[in-house]
Each structure stands twice: as C-alpha cells, then as structure tokens.
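Undergrad: In our numbering, the protein residues as written are 74 to 206.
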Amino acid sequence: MFVTHRLDLPAIERALREVQDRFAELSRHFTEPRDPLTDEVLHNVLEGYALIDDYVARGVDLFDLHQLNLMLEINAVVLCGKDPARRLEYAQHLAATEEHFFNNVEGGIKDLFNWYCAYRSESVWKRAAGVYV
74 MFVTHRLDLP AIERALREVQ DRFAELSRHF TEPRDPLTDE VLHNVLEGYA
124 LIDDYVARGV DLFDLHQLNL MLEINAVVLC GKDPARRLEY AQHLAATEEH
174 FFNNVEGGIK DLFNWYCAYR SESVWKRAAG VYV
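1. Contact between the stretch 114-124 and the stretch 139-154: three or more CB pairs below 8 Å?
2. Once DSSP output is grouped into helix, strand and coil, what is the label at Thr-170?
3. Assess contact between the stretch 138-145 and the stretch 166-186, defined as three or more Cβ pairs (one per stretch) separated by less than 8 Å. Is contact present?
4. I need the straight-line Cα distance from Val-133 to Ala-158, nearest angstrom please.
5. Would you call the CB atoms of Val-178 and Tyr-189 closer than 9 Å?
6. Give the list of continuous alpha helix (DSSP H) stretches no shorter than 4 residues that lie fully inside the stretch 83-165.
7. Are the beta-carbon atoms belonging to Leu-80 and Tyr-122 less than 9 Å from one another?
8. Comparing C-alpha positions only, which one of Ala-130, Arg-200, Asp-108, Leu-124 sits nearest to His-78?
9. Whose CA, out of His-166, Arg-107, Asp-112, Asp-184, lies closest to the CA of Phe-136?
10. From which residue to which residue does the alpha helix (DSSP H) around Tyr-189 run?
11. Look at Leu-82 and Asp-126 and say whether their C-beta atoms are less than 9 Å apart.
12. Consult DSSP for Asn-176 and reduce its assignment to one of helix, strand or coil.
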C-alpha cells in the first residue's frame, strides 16, 4: 500500500521565517553573496513547497520522464510565483531557464535524471543528497 507523507508546511514556513529574521547574521558566513530573503521570495519558496506537497500527495513521480515539465514548473513558481502577470513579465527569463533546463550538457535535467535512475534503489536519504548536490 502506498503511504503518502505530507510536508509540514507551517513548520517549513516557521523555519524560513527564522532564516529570514537571522539572514544578516547568517549571510556573514556565506562563501557567495546572496540576495536578501524578502517576503516575496519567501512566499514563492513556500508556494514551491506547497506544489511539491501536492504532487507527492497525488502520487506524481517527479522523476518520471513524462513529468519532467513539473520540475520546471516548481522552479518557475519559486522564481516568479504563480501570478500570470508576473509570469508574463519574466517570460524571456522563464524561456531561457527552460532552454538551460533541457539542453544543458552539464548539470541539466538529463544529468539529474540519469543520476537518479542509477541510484533509484538507494535510500531516500542518499537520493535526496545526490539530487541536491
């Protein structure tokens, strides 16, 4: 029987708000400068988590070749949110991201998909770490 575990979205929001509150302090330890974690960015990230939660709850395999466009949608939500006007405003950026996503020979979706398939039988922790890296 397939058991679905839901993301604890309120806990994720609390953790992100804590990072947001401590961002100036934390950023002193970053090796690369980062843009501030604004309310808009935080909102988009939360929408991305909610979208992932929805996909998983519906049993969608994001690593199925037929579902790769959903990963691109998660990325677009995190970058631009769901607002159609904002999507239109950033249409060129989203098109360039899609081009890079599907055609990049190093670090694009093909590499991610191939790595995931090669390690599909490994623990969820190893797969998550490998996909992240």
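Where is the CB? At the ideal position from N, CA and C, for every residue including glycine.
Treat the numbers as computed from the prediction; the structure is a model and nothing was measured.
TA: Checking against the coordinates, here is how it stands:
1. yes
2. helix
3. yes
4. 28 Å
5. no
6. 96-100, 112-130, 141-153, 157-162
7. yes
8. Ala-130
9. Asp-184
10. 182-191
11. yes
12. helix
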